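There are 2 protein chains.
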Amino acid sequence: MDVVDKPYTERQKLIAKFSNALANPVRVAILELLSTDKCCYHREMFSHLPIAKSTLSQHLKVLSDAGLIQGDADPPKTKYCIDTENWGLAKGLFLGFFDR
Amino acid sequence: MDVVDKPYTERQKLIAKFSNALANPVRVAILELLSTDKCCYHREMFSHLPIAKSTLSQHLKVLSDAGLIQGDADPPKTKYCIDTENWGLAKGLFLGFFDR
DNA sequence: GATTTAATTCGTATTTGTACGAAATATAGT
DNA sequence: ACTATATTTCGTACAAATACGAATTAAATC
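Top line first, the protein sequences correspond to chains A and B.
According to the numbering used here, the first sequence is numbered sequentially starting from 1.
According to the numbering used here, the second sequence is numbered sequentially starting from 1.
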């Protein structure tokens with residue numbers, strides 16, 4: 001590779017990270033539920049998706065780790081919402097990326 | 001899940017498919033090379049990336065299968081370019097998705 | 001026809017993703 | 001204290017992604 005090695009830029013890694021979060025139709029559907037319905041509880045999302053509850057929790061964790069959603073825990077409930085700050089960041093990155 | 005089961009929409013599956021193609025910094029870098037430099041040969045990309053040639057071919061295949069690039073084979077060379085039609089489609093899908 | 005060049009395909013090891021059910025957690029209500 | 005509710009975590013199985021080097025392909029040139 002090119003002489004000196006900063007393999008990938010932070011931008012490239014961020015785009016990959018956000019893309020990875022979106023790389024599964026279940027997670028795309030979850031984000032759409034959260035951003036349109038303001039639907040926010042695990043139970044509600046579960047009723048719209050053909051997967052086990054534990055699988056849903058796993059997907060929520062992936063989205064959360066990527067920073068695209070936030071979970072406000074109030075046991076036994078957790079209210080999930082889009083993380084608007086990172087959502088905006090992701091949006092900007094994708095716009096910049098595709099705009100060529 | 002919801003009564004009748006069309007698990008995921010075509011739109012959701014397409015977004016997931018394109019996202020999956022972008023879900024790795026190597027592939028993000030490849031797409032940037034292709035879209036900025038008009039750099040188009042395996043050999044050129046190889047010189048910019050810290051991976052084995054076979055690994056690069058694999059990533060090119062992923063991008064190609066997702067429809068984001070096209071390879072014009074003229075053995076032993078292959079000239080790679082962005083697939084502008086699907087690039088535009090992906091752009092539109094991401095814009096629509098993030099615009100909420 | 002042997003060699004060189006450019007790239008792909010194959011075989012394979014390792015890691016990561018996706019799914020499920022069972023068990024655990026934590027609070028609220030009885 | 002017991003039960004019900006909402007959700008997560010654990011254990012685990014199977015599939016897919018990522019990486020590499022070795023072998024293969026296919027045309028161009030010697």
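Yeah, the Cβ is synthetic: ideal placement off N, Cα and C, and Gly gets one too.
Since the structure is predicted, the reported quantities are computational estimates derived from the model, not experimental observations.
Just to confirm my understanding: we take residue i, look at its own chain, exclude 5 residues before and 5 after, and list those with CB closer than 7 Å. What are they?
i, result
"residue 56/A", "42, 45, 46 and 49"
"residue 22/B", "28"
"residue 65/B", "none"
"residue 86/A", "67 and 68"
Can you list, in chain order, the residues of its chain with a C-beta nearer than 6 Å to that of residue i? Leave out the 5 residues immediately preceding and following it.
i, result
"residue 61/A", "none"
"residue 72/A", "79"
"residue 20/A", "none"
"residue 90/B", "18"
Put residue i into one of helix, strand or coil per three-state DSSP.
i, result
"residue 9/A", "coil"
"residue 2/A", "With a pLDDT of only 47 at residue 2/A, under the threshold of 50, the placement of this residue in the model should not be trusted; the figure read from the coordinates follows. Note: residue 2/A maps to coil in three-state DSSP."
Name the DSSP bridge partner or partners of residue i?
i, result
"residue 70/B", "81/B"
Got a sec? Which residues, its chain only, sit under 8 Å from residue i by beta carbon, not counting five neighbours each side?
i, result
"residue 82/A", "31, 34, 35, 68, 69 and 70"
"residue 40/B", "34, 79, 80 and 81"
Between residue i and residue j, what straight-line distance do the alpha-carbon atoms span, to the nearest angstrom?
i, j, result
"residue 4/B", "residue 74/B", "Because residue 4/B carries a pLDDT of 48, less than 50, the predicted location of this residue cannot be relied on, and the following value inherits that uncertainty. Between residue 4/B and residue 74/B, the C-alpha separation is close to 49 Å."
"residue 10/B", "residue 25/A", "9 Å"
"residue 88/B", "residue 76/A", "44 Å"
"residue 80/B", "residue 100/A", "17 Å"
"residue 92/B", "residue 52/B", "33 Å"
"residue 14/B", "residue 63/B", "14 Å"
"residue 94/A", "residue 18/B", "12 Å"
"residue 97/A", "residue 54/B", "26 Å"
"residue 38/B", "residue 16/B", "26 Å"
"residue 12/A", "residue 7/B", "31 Å"
"residue 58/B", "residue 59/A", "27 Å"
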